[in-house]
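Taking this note's numbering, the leading residue of the sequence shown gets 447, the next gets one more, and so forth.
Glycine included, C-beta positions come from ideal geometry on N, C-alpha and C.
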Amino acid sequence: MNFLRKILFPFSLIYWAVTAVRNFLYNKGIFTSYGFPVPVIAIGNLSTGGTGKTPQTEYLVRLLSGRYRVATLSRGYKRKSKGFVLADTNSNADILGDEPYQFHTKFPNIRVAVDADRKNGIENLLSLSPGPEIILLDDAYQHRRVKAGFYILLTAYGDLYSDDFILPAGNLREGRSRAARANVIIVTKCPPDLSQQNQIVIREKLKPKPGQKVYFTCIDYDNAVHSEEGERSLESIKDESKVLVAGIAKPNPFFNHLQGKDDTALTFPDHHDFTQKEIEDINKQTKDKLIITTEKDFMRLKGRLPKKKLFYLPIKSRFLDGGDDFDKTLLDYVGKSTANR
């Protein structure tokens, strides 16, 4: 434990005590958790961010939306609207937040909603006609007021919750023991060639409870960058001088995948709301260069930078192995839950 963590550790004990009391009150039924008559799947983490929730949620949408009516419900972090909002043709990143707007843009066949009060959000979704058959709760692992039927806990390779401390000494929002609430644990952002032996070592560090499955995924980058007007292959732009823009929690893999010797990398905070001055500064730096950003940042930047210059790089979550088993586990839960309604 470094010097700063030693200083902050007493405050972490206070934070841990508060979260522990809260969870105790929910576990004992003193605080009420609400269940619902449709399968509710919560995707989240113990840490404060950077575990790859968005590509994992998109994986679930692709898996389920061809079989069921799917809805996603998010808090809508940093949105400028209030209360329950259902995405429609007038929606944008300011109304929904960047990640929900990304879901809405990519998957027009699903319902996308935002509400900080997840119970209220689910009730509003279920009042629709036709209502969703499955609800995916994005970043809702700590939202105990709603009792999900299936919990997916994410932890990033190289930043495992088992190696971390609770806030503010570390980045955990709950103690490590709360991982026991998960039905499955997914170690995200792994090297694509992660060996079976290294997977065994990580499983031993995570100490899953009996019956709790652990899976490993990596990020697959698209072989092209996309804009509102078309796409260009990575091969065709690798020797061009570019400006790379990222406002995500851990941007280094994005930069490492794209950056050439003459490229400029601009880093902003996660979910960054770009000011007009920042937009003007980006324009000045780019001149005739391409601007390549993450898909999430593209949701905030499109319409503010020239269409012909602004591109984004799509990503997907891919299981290193055991993907079929994960799919079956999830589909079995949904099938049984739907049959028991």
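Collapsing the DSSP output to three states places serine 641 in coil.
For the pair of segments examined, the region 454 to 463 was found not to touch the region 735 to 751: the number of CB pairs separated by less than 8 Å stays below three. Following the DSSP letters along the chain, one finds glutamate 741 inside the alpha helix (DSSP H) bounded by residues 741 to 747. Contact between the region 758 to 767 and the region 655 to 668 is present, with at least three C-beta pairs closer than 8 Å. Here the alpha carbons of leucine 572 and glutamate 677 stand approximately 38 Å from one another. By DSSP's assignment, isoleucine 631 forms a beta bridge with Leu599 and Val660. Going by DSSP, isoleucine 725 is part of no beta strand (DSSP E) but of the alpha helix (DSSP H) stretching over 722 to 732.
Distance between aspartate 609 and leucine 574, taken at the CA atoms: about 43 Å.
Secondary structure of leucine 532 (DSSP, three-state): strand. Taken through DSSP and simplified to helix, strand or coil, phenylalanine 700 comes out as helix. Proximity to isoleucine 580 across Tyr514, Pro699 and Phe720 peaks at Tyr514, based on C-alpha coordinates.
Here valine 671 is buried: its Cβ has 16 or more other Cβ atoms, across all protein chains shown, within 10 Å. By the C-beta density criterion, leucine 747 is buried, having at least 16 other C-beta atoms within 10 angstroms.
For glycine 490, the secondary structure class from DSSP, reduced to helix, strand or coil, is strand. Counting the other Cβ atoms within 10 Å of the Cβ of serine 679 gives fewer than 16, which makes it exposed.
Contact annotation: glycine 495 and threonine 634 have beta-carbon atoms that are not nearer than 8 Å. Sequence-distant partners of tyrosine 607 (beyond 5 residues in either direction) whose C-beta falls short of 7 Å from its own C-beta, in its chain, are Leu492, Ser493, Thr601, Leu618, Arg622 and Ala625. Residue Leu736 holds the alpha-carbon nearest to the alpha-carbon of glutamate 686 among Leu736, Val464, Ile541 and Asp544. In terms of CA proximity to leucine 599, Arg627 leads the group Ile612, Arg591, Phe611 and Arg627. The straight-line gap separating the alpha-carbon atoms of tyrosine 667 and alanine 488 is approximately 25 Å.
Leucine 471 and tyrosine 461 have their C-alpha atoms spaced approximately 16 Å apart.
Put simply, the backbone Cα of threonine 465 is about 15 Å away from that of alanine 586. Taking all protein chains shown into account, threonine 478 has fewer than 16 neighbouring C-beta atoms within 10 Å of its C-beta and is therefore exposed.
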